[in-house]
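From first to last, the protein sequence lines stand for chains A and C. Residues in the first sequence are numbered from 1 upward in steps of one, following my numbering. Residues in the second sequence are numbered from 252 upward in steps of one, following my numbering. Everything below concerns the one structure shown next.
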Amino acid sequence: MIAVEDLTVTFRSGGRSVHAVQGISFEVADGETFGIVGESGSGKSTVLRAIAGLVPSTSKVLEVNGRPAARRRSRAERRLLQFVFQDPYASLHPRQTVDDILREPLQIHRVGGVDEKVQAAIADVGLLPIHRFRYPHQLSGGQRQRVAIARALILNPPILLLDEPTSALDVSIQAEILNLLAKLRQSYSLTSILVSHDLAVVAHLCNRIAIMQLGKLVEIISAADLRAGTVTADYTRDLIAASRGFTRASA
Amino acid sequence: MSEPLLVVEDLNVTFPGRTGVTRAVRNASFTLGRERLGIVGESGSGKSTTGRALLGLIPRPGIVTAKTMSYAGENLLACSERDWQRLRGRRMSMVMQDPKYSLNPVKTVGKQIAETCLLHLRIGRKEAEQRTIAMLEAVRIRDPEFVYHMYPHQLSGGMGQRVMIAMMLVAEPDFLIADEPTSALDVTVQNEVLRILDDLVSERGMGLIFISHNLTVVSSFCDRVLIMYGGRIVEECAARDLQNAHHPYTRALVAAAPSLDVQRTELATVIRDPEWLR
Numbered sequence: 001m002i003a004v005e006d007l008t009v010t011f012r013s014g015g016r017s018v019h020a021v022q023g024i025s026f027e028v029a030d031g032e033t034f035g036i037v038g039e040s041g042s043g044k045s046t047v048l049r050a051i052a053g054l055v056p057s058t059s060k061v062l063e064v065n066g067r068p069a070a071r072r073r074s075r076a077e078r079r080l081l082q083f084v085f086q087d088p089y090a091s092l093h094p095r096q097t098v099d100d101i102l103r104e105p106l107q108i109h110r111v112g113g114v115d116e117k118v119q120a121a122i123a124d125v126g127l128l129p130i131h132r133f134r135y136p137h138q139l140s141g142g143q144r145q146r147v148a149i150a151r152a153l154i155l156n157p158p159i160l161l162l163d164e165p166t167s168a169l170d171v172s173i174q175a176e177i178l179n180l181l182a183k184l185r186q187s188y189s190l191t192s193i194l195v196s197h198d199l200a201v202v203a204h205l206c207n208r209i210a211i212m213q214l215g216k217l218v219e220i221i222s223a224a225d226l227r228a229g230t231v232t233a234d235y236t237r238d239l240i241a242a243s244r245g246f247t248r249a250s251a
Numbered sequence: 252m253s254e255p256l257l258v259v260e261d262l263n264v265t266f267p268g269r270t271g272v273t274r275a276v277r278n279a280s281f282t283l284g285r286e287r288l289g290i291v292g293e294s295g296s297g298k299s300t301t302g303r304a305l306l307g308l309i310p311r312p313g314i315v316t317a318k319t320m321s322y323a324g325e326n327l328l329a330c331s332e333r334d335w336q337r338l339r340g341r342r343m344s345m346v347m348q349d350p351k352y353s354l355n356p357v358k359t360v361g362k363q364i365a366e367t368c369l370l371h372l373r374i375g376r377k378e379a380e381q382r383t384i385a386m387l388e389a390v391r392i393r394d395p396e397f398v399y400h401m402y403p404h405q406l407s408g409g410m411g412q413r414v415m416i417a418m419m420l421v422a423e424p425d426f427l428i429a430d431e432p433t434s435a436l437d438v439t440v441q442n443e444v445l446r447i448l449d450d451l452v453s454e455r456g457m458g459l460i461f462i463s464h465n466l467t468v469v470s471s472f473c474d475r476v477l478i479m480y481g482g483r484i485v486e487e488c489a490a491r492d493l494q495n496a497h498h499p500y501t502r503a504l505v506a507a508a509p510s511l512d513v514q515r516t517e518l519a520t521v522i523r524d525p526e527w528l529r
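This is the structure we're talking about:
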């Protein structure tokens, strides 16, 4: 479904260059949820953006939906993948109603049956018909993230890219959104990539997980290996230990 | 445990508004010794407001009332603005969540920390600088002389947070409130910052209130935990017993968090009972 080989992203500004992603390779199978974990600046979000064609990248192979992705994506290609961003407070237009927000992708891609599709999308993400004509500031954080998910799914894309979709939310709301994502990937038969700094979230939703550090791929492990701690890299081990909470004894 | 450092009985914080009164904190009672006390809760549960009330930092028109609110024998309810100036920074302090917004962007970090010394400690410029550098070293900043002359935007998140801790501790208060001090940090850095706080509590015998929404961090770092919901303390328990808490809200919170240890097919969601607010 998605194949990446030797993906490299370099940002240049004023004579300085930042190697944000350095030669990363992985494949995501049809229907799989693939996780990418790493700390700030590890390049995990940049990988997603490169797959979506939002940042220029070089690679030996970059396949989306089983086809090589062009440097400039056509409208049809862009429709294949949709993004959900971290902060639902920042990713929704404050002066558009939920209805406007959900309509926009349909209009851009000239899809018909707008009214029914908007209604269905609102119901799919567990919002009520009364939410349709509200503005983002009239919704809670969890409801806003639901709107962002509805917007991503309204075009029925085969691929969903999730960039820290729950890290701005409270635990109880995070649980609701994670449950919703688990349900939707079934009903929409989605292939998705989930980027997060939270190992527990990634282990909950993903089959296989890539660990990134400073732009490089450390290793790819299964969720079961992550839980059991059967990992080869020291960095992964440190990350798991740190995620399990504070330990007084170790220095 | 010795005499409690802080005694709070029936604390209420209310904000009058156009549509009625918002009761941000309702009848909260607790004590703090020389220990690590965690306050956990979701957004809007009143945990930060509780912290601010303890430092007299509730802005007008907010109203703070309590039966008792005393710190080391001093009645905080009767404090004038002058009294607060004497206490805050010198004897009690608060570390805020985000160094990006809490440090002065146009002053070097060294100057900002030294300012605290000059204000509270009656020492000269030279000594203030020495103390600042020593404090930066104590929070494990590698090259303190160099960092002294840096501006906040030149620091990473973890370094910024350490600078804030240094600033709050340089006057050696014996009571510190840390409001989500590690939430903006990566897990590996988070544990380093926690270790610094932990050492300071045990070495200096400080009392620490640790406000967080992260159950894993609180249960592994603190001694005792208060769980807040809708402005109330719904439960108090030993931190290591958080997994076996009694209150349905606490139990629901614990069950809602995905865990590295157990694979759950579906996460429990929190069903809120209006009874909890009675």
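C-beta atoms are modelled at their ideal positions from N, C-alpha and C, and glycine is treated no differently.
Taking 9 Å as the cut-off, decide whether the C-beta atoms of residue i and residue j are in contact.
i, j, result
"A507(C)", "V485(C)", "no"
"L493(C)", "V505(C)", "yes"
"D6(A)", "S45(A)", "no"
"V398(C)", "I447(C)", "no"
"I149(A)", "P165(A)", "yes"
"I225(C)", "L387(C)", "Residue 225(C) cannot be examined here, being either before or after the span of chain C that is shown, 252 to 529."
"V360(C)", "L306(C)", "no"
"V9(A)", "P56(A)", "yes"
"A223(A)", "Q514(C)", "yes"
"M415(C)", "M479(C)", "no"
"L153(A)", "L160(A)", "yes"
"V64(A)", "I24(A)", "no"
"L139(A)", "V147(A)", "yes"
Apply the 10 Å Cβ neighbour rule to residue i and answer buried if 16 or more other Cβ atoms are within range, or exposed otherwise.
i, result
"V357(C)", "exposed"
"H197(A)", "buried"
"L257(C)", "buried"
"V61(A)", "exposed"
"P525(C)", "exposed"
"G113(A)", "exposed"
"Y89(A)", "exposed"
"S299(C)", "buried"
"P509(C)", "buried"
"E254(C)", "exposed"
"Q107(A)", "exposed"
"E496(C)", "It is worth fixing the name first, because residue 496(C) is Ala in this sequence and not Glu. The residue is buried, with at least 16 neighbouring Cβ atoms inside 10 Å."
"A76(A)", "exposed"
"Y322(C)", "buried"
"G245(A)", "buried"
"I392(C)", "buried"
Closer than 7 Å by beta-carbon distance: list the chain A residues that pair up with residue i, in chain order.
i, result
"D425(C)", "Near D425(C) there are no residues of chain A at all, since even the closest Cβ is about 21 Å away, more than 7 Å."
"N442(C)", "A242, F246"
"L445(C)", "F246"
Strictly below 8 Å CB to CB, what residues from chain A border residue i?
i, result
"L451(C)", "Those do not exist, as L451(C) stays about 14 Å from chain A at its closest Cβ, beyond 8 Å."
"F472(C)", "G245, F246"
"H464(C)", "D170, V171"
At a CB-CB cut-off below 7 Å, which residues of chain C make contact with residue i?
i, result
"E176(A)", "T520"
"D238(A)", "T439"
Using a Cβ cut-off of 8 Å, pull out every chain C residue sitting near residue i, in sequence order please.
i, result
"S40(A)", "G408, D437"
"S172(A)", "E293, A503, L504, A507, T520, V521"
"R227(A)", "L511, D512, Q514"
"N179(A)", "E517, L518, T520"
Which residues in the same chain as residue i place their Cβ atom closer than 6 Å to its Cβ, once the five residues preceding and following it in sequence are excluded?
i, result
"Y235(A)", "Q213, V218"
"V440(C)", "G409"
"P395(C)", "I384, L387, E388"
"T265(C)", "V272, R274, I314"
"P350(C)", "G411, Q412, M415"
Once the 5 residues before and after residue i are set aside, which same chain residues still bring their CB inside 7 Å of it?
i, result
"T33(A)", "R185, S192, L194, L205, C206, N207"
"A200(A)", "S243"
"Q363(C)", "L354, N355, M418"
"E176(A)", "G142"
"T232(A)", "E219"
"R303(C)", "I309"
"V202(A)", "G35, V37, L194, S196, I209"
"H93(A)", "I101"
"K318(C)", "E260, D261"
How would you list, in chain order, the residues of chain A whose beta-carbon sits under 9 Å from the beta-carbon of residue i?
i, result
"L328(C)", "What L328(C) touches in chain A: nothing, since even the nearest Cβ is about 32 Å away."
"T221(C)", "Limits of chain C in this structure are 252 at one end and 529 at the other, which puts residue 221(C) out of reach."
Could you list which residues in chain C have their beta carbon closer than 9 Å to that of residue i, in chain order?
i, result
"H197(A)", "D437, V438"
"A203(A)", "P509, S510, L511, Q514"
Excluding the 5 residues flanking residue i on each side, which residues of the same chain have their C-beta closer than 8 Å to its C-beta?
i, result
"G229(A)", "R237, I240"
Stretch-stretch touch, CB-based, cutoff 8 Å, three pairs: the region 260–275 of chain C with the region 443–455 of chain C: no
Validate contact between the region 276–289 of chain C and the region 166–185 of chain A using beta carbons, cut 8 Å, 3 pairs: no
Contact the region 416–428 of chain C vs the region 335–342 of chain C: 3+ CB pairs below 8 Å: yes
Touch test, the region 141–158 of chain A against the region 95–107 of chain A, Cβ-Cβ under 8 Å, three pairs minimum: yes
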